[in-house]
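For reference, the structure is listed below as structure tokens.
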Amino acid sequence: MTPTPATPVIDTHVILRDGDKVLLSQRGGPYGYGQWHAPSGKLDAGEPLTVGAARELNEETGVEVAPEHLRLVHVVHHKQNAGTERIGLFFLATMWEGEPVNREPDKCLDLRWWPVHELPEDIIEYPEAGLLGYLKGCEPLTEHGWS
Numbered sequence: 000m001t002p003t004p005a006t007p008v009i010d011t012h013v014i015l016r017d018g019d020k021v022l023l024s025q026r027g028g029p030y031g032y033g034q035w036h037a038p039s040g041k042l043d044a045g046e047p048l049t050v051g052a053a054r055e056l057n058e059e060t061g062v063e064v065a066p067e068h069l070r071l072v073h074v075v076h077h078k079q080n081a082g083t084e085r086i087g088l089f090f091l092a093t094m095w096e097g098e099p100v101n102r103e104p105d106k107c108l109d110l111r112w113w114p115v116h117e118l119p120e121d122i123i124e125y126p127e128a129g130l131l132g133y134l135k136g137c138e139p140l141t142e143h144g145w146s
């Protein structure tokens with residue numbers, strides 16, 4: 000029997016830095032309620048990765064970044080459950096404009112700058128794997144949630 004091709008959800012995450020601080024948002028939706036993560040979202044069909052990442056960042060925070068100012072810094076292949084796997088692409092915004100504001104208060108409880116050496120303890124595990132992979136200079140791929 001021929002194996003079924005994988006159909007992962009593709010997520011884009013944007014790491015926004017201001018010196019030694021990184022911007023994180025606190026989830027207000029059912030998945031990971033109250034926990035922290037970098038601004039992120041699902042890639043739309045037919046959308047280039049950097050365009051999707053820039054769109055998600057702007058939708059959530061109002062920050063503008065040109066797609067060419069997003070540098071891929073880490074990839075996470077995440078097994079969410081038996082039927083769902085995700086590929087998370089983590090981009091560093093190398094140039095951006097605007098002051099971050101919570102543009103999705105129905106999905107986000109808080110938006111806050113955190114020192115990179117004093118991150119909150121309650122970051123959602125999957126995005127934490129990508130953020131720490133970048134911050135620690137690890138290999139560019141993390142496989143998370145696989146046995």
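The numbers in numbering that gives the first Met the number 0 rise by one with no breaks, and the one at position 136 of the sequence shown is 135.
Quick reminder that beta carbons are idealized off the backbone N, C-alpha and C, glycines included.
Item, Value
"Keeping to the same chain, check which residues put their C-beta closer than 8 Å to that of Ala-152; ignore five residues upstream and five downstream.", "Outside the shown range of the chain (0 to 146) lies residue 152, about which nothing can therefore be said."
"Quick one, are the C-beta atoms of Leu-56 and Val-74 less than 9 Å apart?", "no"
"Quickly, what does DSSP pair Thr-141 with across the bridge? List them, please.", "Val-75"
"Classify Leu-140 as buried or exposed, calling it buried when 16 or more other Cβ atoms lie within 10 Å of its own Cβ.", "exposed"
"Using the beta-carbon count (16 or more within 10 Å), is Pro-38 buried or exposed?", "buried"
"In the DSSP assignment, what residue or residues form a beta bridge with Gln-25?", "Trp-35 and Asp-109"
"For Glu-103, name the three-state secondary structure that DSSP assigns.", "coil"
"Using the three-state DSSP reduction, which class does Pro-7 fall into: helix, strand or coil?", "coil"
"In whole angstroms, give me the CA-to-CA distance for Val-8 and Glu-117.", "30 Å"
"Nearest to Tyr-125 by CA position, among Gly-40, Leu-15, Trp-112 and Asp-17, is which residue?", "Gly-40"
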